[in-house]
Amino acid sequence: MFSYILSPLHLFDTDNDAAGRPDGQPDDRRGTSAMSVPHRSRGPGKLMTTALAAVIAVAGCGTGTGHSQASGTGPTGTGSTHEQQGRDATAPGASASAGADGSQDVRFTVGYAGDVLMHMPVLSSTPGASGDITDNVAAETPWVEGLDLALCGMEVPVAPDGVYSGFPTFGTSSEVVGALARSGWDGCATASNHSADRGEAGVVATLDALDAHGLGHAGTYRSREDASAPFALYELKRQGRTVTVAQISTTMGLNGLDDPTGYSVSLNDIGAITKAAKSARAAGADLVVVHSQLGQEYETTPDEEQVSYAQALANSGQVDIFFGAHPHVPQPAEKLSGGVKGKGMWASYSAGNYISSQNESYCGPLSDVGQLVWADVTSHADGSVSVESLNWHPFTVDQAGGYKVRDLAALHNGERPADLTLSEQEIDRRWSMLTSDVKDASTMATKPPAPTGPTPTILSREEVIKRAGAHPAPSDGPSAPSSAGSTPRSNREPDRTSPTSSDRASSKSLNPTPSAAETAQPKAESDEPEGTMEDGEG
């Protein structure tokens with residue numbers, strides 16, 4: 001465990017911006033049944049063409065020391081295996097082995113990217129300042145669309161009043177959610193340190209937008225009943241079989257804010273997550289993915305808390321994959337001991353950012369670099385599931401080029417889009433920092449994954465709640481003590497980016513009896529440099 005001392009300047013999270021005021025209300029429709037939505041046509045979404053009244057970017061990124069010495073061979077050296085060695089990550093395909101009933105092993109992919117961090121400069125770069133980031137992230141979209149199940153990290157809430165804002169209290173356009181649906185995402189984790197930035201109304205507005213655009217969600221909730229099933233369920237149809245994946249989303253705190261209802265946001269607690277995972281399995285889940293926010297921002301090496309937290313999840317025997325978030329820079333991944341049936345558990349400690357206005361000048365090295373991370377999964381004919389390997393591919397934000405996400409590996413290999421503004425030196429520098437200090441380039445996937453079957457069916461909240469109620473979690477089975485990997489919030493570094501709360505997991509359902517130490521949340525840190533965020537490279 002580590003201890004973090006707050007200075008007078010460290011009062012808010014370190015994602016920067018100020019408020020603009022385009023009009024536009026979030027979509028207000030809830031999904032009422034299971035739905036299967038193609039990646040490319042998940043709800044057209046209305047483009048908003050109103051202008052921002054002002055865009056003042058207050059830079060802030062805290063005191064992270066930048067990239068430290070971490071290798072692609074795993075942060076602790078204790079992992080049994082590491083990321084897949086330089087492979088072409090195309091469709092995993094189906095194996096030839098068959099069960100007694102003739103059923104085949106089937107393979108599929110599950111992945112995530114970094115935080116969707118909508119600073120005001122990013123919002124203002126979209127058409128009419130609408131929030132439609134479809135064009136901004138287009139370089140990454142073919143990779144996301146190739147995943148069988150793509151789960152984003154929605155860092156910030158949708159503004160319930162249509163008044164958009166950035167740091168320190170985020171609220172973004174529902175068009176961001178529409179763009180995520182058009183860019184290949186199937187669902188989002190919504191528990192983050194910014195989930196309560198716009199109160200209960202912001203939580204509901206985010207969930208409404210996700211439902212309106214056909215995206216699943218876990219981590220934030222509308223009601224106590226909704227929070228009683230703190231997970232999302234996705235069904236993949238493969239070779240006459242249905243494989244069900246559960247998504248659980250949690251965060252280390254709310255930047256000093258109270259949960260607006262007491263059940264709106266899921267918090268990091270190993271015992272509660274273990275219970276949620278058991279409940280998800282009882283409701284039909286074959287694979288459980290946990291997405292949690294924790295760790296030191298802008299540090300490329302996972303800290304002791306992250307590693308112990310991930311190991312506690314593995315020790316629970318209920319979690320198949322851990323997707324970490326919050327550091328806002330890429331971090332290594334490794335396979336930990338434990339896991340379901342002792343098969344081990346893959347842990348990706350941080351994917352960085354999907355899109356943001358963070359850069360090295362204000363936030364430290366590699367805060368403008370992110371990665372798409374995905375697992376190759378086999379559902380065996382006998383019903384068991386194995387996570388075979390973890391893959392990654394890097395992307396970077398070209399701020400002066402209009403906050404465009406670029407394929408960093410392609411740039412390194414000579415690709416030069418017509419509107420690129422990154423210099424040769426800057427491309428080489430970012431690539432070198434990533435591959436010399438954080439990731440092993442020989443383990444990078446060189447081709448996008450390819451879908452192995454139809455797009456997933458996203459079960460409605462009503463159906464998930466129904467299943468959870470009909471099949472309560474068993475009380476027996478392995479479980480880690482709730483204290484393992486759950487550092488008291490007073491000792492945690494506050495989250496310095498903004499979370500979107502689209503589907504709130506209840507802190508009450510996931511943390512039924514929080515301790516005094518757990519309820520004493522620190523105030524979020526502020527960005528240290530209070531200058532203007534530059535659009536260009538620092």
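Count the sequence shown with full-length UniProt numbering and you get residues 1 to 538, in order. Cβ atoms here follow ideal geometry from the backbone N, Cα and C, with glycine treated the same way.
Got a sec? Which residues, its chain only, sit under 6 Å from residue i by beta carbon, not counting five neighbours each side?
i           : result
residue 279 : 468 and 473
residue 339 : 314 and 345
residue 282 : 471 and 473
residue 114 : 351, 352, 353, 354 and 370
residue 229 : 464, 465 and 468
residue 199 : 260
residue 170 : 156, 194, 197 and 498
residue 421 : 398, 400 and 401
residue 435 : 441
residue 406 : 139, 396 and 398
residue 357 : 119, 121, 122 and 533
Would you give the residue range spanned by the beta strand (DSSP E) that residue i belongs to?
i           : result
residue 594 : Nothing about residue 594 can be reported from this structure: the residues present for the chain run from 1 to 538 only.
residue 401 : Neither: residue 401 is in no beta strand (DSSP E) and is coded neither H nor E.
residue 248 : 241 to 251
residue 265 : Note, residue 265: premise wrong, no beta strand (DSSP E); not H, not E.
residue 218 : 216 to 218
residue 420 : Segment: none, residue 420 is in no beta strand (DSSP E) and carries neither H nor E.
residue 292 : 287 to 293
residue 111 : 106 to 112
Residue range of the alpha helix (DSSP H) that residue i falls in?
i           : result
residue 141 : 141 to 145
residue 424 : 424 to 437
residue 563 : The shown model of the chain, from 1 to 538, leaves out residue 563, and the question about it has no answer.
residue 187 : Taken as a continuous stretch (DSSP letters only), residue 187 belongs to no alpha helix (DSSP H), being part of the beta strand (DSSP E) at 187 to 189.
DSSP three-state call for residue i: helix, strand or coil?
i           : result
residue 566 : What is shown of the chain runs 1 to 538, which leaves residue 566 out entirely.
residue 496 : Only weak support exists for where residue 496 lies, its pLDDT of 30 falling under 50; the coordinates are left without a value.
residue 235 : strand
residue 308 : helix
residue 459 : coil
residue 388 : strand
residue 156 : coil
residue 44  : Here residue 44 scores only 34 on pLDDT, less than 50, and its place in the model should not be relied on; the value that follows carries that caveat. Residue 44 falls in the coil class under three-state DSSP.
residue 128 : helix
residue 224 : helix
residue 277 : helix
residue 178 : helix
residue 121 : helix
residue 443 : helix
residue 469 : helix
residue 229 : coil
residue 397 : strand
residue 150 : strand
residue 464 : helix
residue 259 : coil
Going along the chain, which residues of its own chain have a beta-carbon closer than 7 Å to the beta-carbon of residue i, five neighbours each way excluded?
i           : result
residue 134 : 179, 182 and 183
residue 393 : 143, 371, 372, 409, 444 and 445
residue 424 : none
residue 412 : 427 and 431
residue 249 : 189, 190, 191, 218, 219, 266, 291 and 505
residue 276 : 230, 231, 248 and 510
residue 387 : 320, 321, 346, 375 and 377
Only counting the same chain, and skipping five residues up and downstream in sequence, which positions put a Cβ closer than 8 Å to that of residue i?
i           : result
residue 103 : 239, 240, 241 and 381
- Message: What ranges does the alpha helix (DSSP H) occupy inside the region 320 to 383, keeping only unbroken runs of at least 4 residues that lie completely in it?
- Response: Listed in chain order, they are 360 to 363.
Practice prompt. Examine the Cβ distances between the region 423 to 436 and the region 110 to 130 and report whether three or more of them are shorter than 8 Å.
Written response: At 8 Å Cβ cutoff, the stretches do not touch.
Inter-stretch contact at 8 Å, needing at least 3 Cβ pairs: the region 374 to 387 / the region 104 to 112: Result yes; three or more Cβ-Cβ pairs closer than 8 Å.
Subject >> At least three beta-carbon pairs within less than 8 Å, the region 302 to 322 to the region 284 to 292 >> reply: yes
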